[in-house]
Each structure stands twice: as structure tokens, then as C-alpha cells.
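By the working numbering, the letter at position 129 of the sequence shown is numbered 193, and the numbering carries on one by one without gaps.
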Amino acid sequence: MALPAGTPALPPSAPSSAPRFASVALSFAVIGLYWISHHRRFRYIKRYDEGLLWLNLLLLACVVFLPFATELIGTHPDDKVSIVTYGLGLSAAGFASVLMWVYASHDYRLINREDVTPEAVKRATVRILAPPVVFLLATGVAFVHTELAKVLFYLPIPIYLGLELIRRRDTRRVERREGAREEGEI
């Protein structure tokens, strides 16, 4: 098939750029979801202490590592070491985020009891824990099937978004119930 006259041709390196683009796009999406989740949790964290600051620094160190891992898998997309390094980087950032939340919420150390129910703390913990667990499982898969592992790296995005939809639905239910109580309907 011939291109119409005047149509710019793609450079010969364009197909080899696809893995780099895919790794950058995935990393951006994951870091973005971690960032949103981080900010959402800090709505409830009302105090801080040195332990939280160190855990936040650990999270930052993990995020700073991600461009290296992203470049590695982008330039060596079929290399098992690259895939494992990338998966461990994504997992580490997620687990650092989980540690921060567990530290802050345990026994209401840094959150107010009246702001968050124990059930909400548990649900938030599950939501935060899901992506790094899936990344870690995908990393394990890389030892036997690298292509499947790379596909599984995308799975936490729909999982997170699905859990977020459930969170929003539950929040609306609670708000409606509280509104009905105030009006004497329940």
C-alpha cells in the first residue's frame, strides 16, 4: 500500500520506540494513581511525626527509582532482569504507600477517630494494597513468562479504578443514609 504524496513517513526507529512509550505511559499512570491515593489519604492524616516523615521519604525514594526502571524495561523490553526490576520498583512504591497508611491509621495514631471508621480504614488498606500485590505477582510471573508479566503490569489500573468506583458508591450510600437520618426518615 502506497502512502499519498506528501504524507510524512515514520522514521525507521518508530517501531522500536513502542516499548519505551508503553513503559513511560504505564509508569505515568501508576505514579498518577499512587499520587492521587497519597493525597486522598492525607485528607485524613491530621498529624505527623518523625516515623511518617521517614516513611514518606521511603516512598519518595521508590518513586525516584521508577524512571530508571522505566528506561530499563523500555530499552530492554524482553530482558527478564529489566522486567523484574520494573515490577519490583512498582511494587516497592506501592508497599511504601501501604506502610505509610498502616503506620498513620494503626490505633488512630495520626488520624482522628471521628473522621474515619474502622471499616473505612480496612477498606482503604485493601484499596492501597491491591496494586503492589498485583505488581509483585506479575513480577513473579516474569520468571516463567515475560510477555504475560508485562501484560499483568497493566492489571492494577482497572482494579484500582473498580475499587474507586465501589468507594464512591459506598460514600454516596452513607451520605444518603445520614441525610435521611437528619430528616427523620430512618
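Think of the CB as a built atom: it goes at the ideal place given N, C-alpha and C, for glycine as much as any other residue.
**Item:** Spatial neighbours of PHE199 in its chain, beta-carbon cut-off 7 Å, leaving aside the 5 residues before and after
**Value:** GLY151, LEU154, SER155, GLY158, PHE217 and PRO220
Next on the checklist: So, does the region 173-185 touch the region 122-132, judging by three or more C-beta pairs under 8 Å?
Outcome noted: no
Could you spell out where the alpha helix (DSSP H) holding LYS214 opens and where it closes?
210-216
Going by CA-CA distance only, name the one from ARG107, THR210, VAL162 and MET164 that's closest to THR149.
THR210
How would you write the range of the alpha helix (DSSP H) that LEU136 sits in, first residue to last?
For LEU136, the enclosing alpha helix (DSSP H) begins and ends at 114-139.
Checklist entry - Are the region 140-149 and the region 89-99 touching by the rule of at least three beta carbon pairs closer than 8 Å? => result no
Q) Taking the Cβ atom as the reference point for each residue, do ALA194 and ALA202 lie within a distance shorter than 8 Å? A) no
Next on the checklist: Quick check: what's the CA-CA separation for LEU174 versus VAL162?
Outcome noted: 15 Å
Throw me the rounded Cβ distance for the SER101 and ILE230 pair, which I believe falls under 8 Å.
-> That belief does not hold up - the Cβ atoms of SER101 and ILE230 are roughly 14 Å apart, past 8 Å.
| field | Option in TYR167, VAL190, SER91 and ILE223 with minimal Cα separation from LEU117 | value | TYR167
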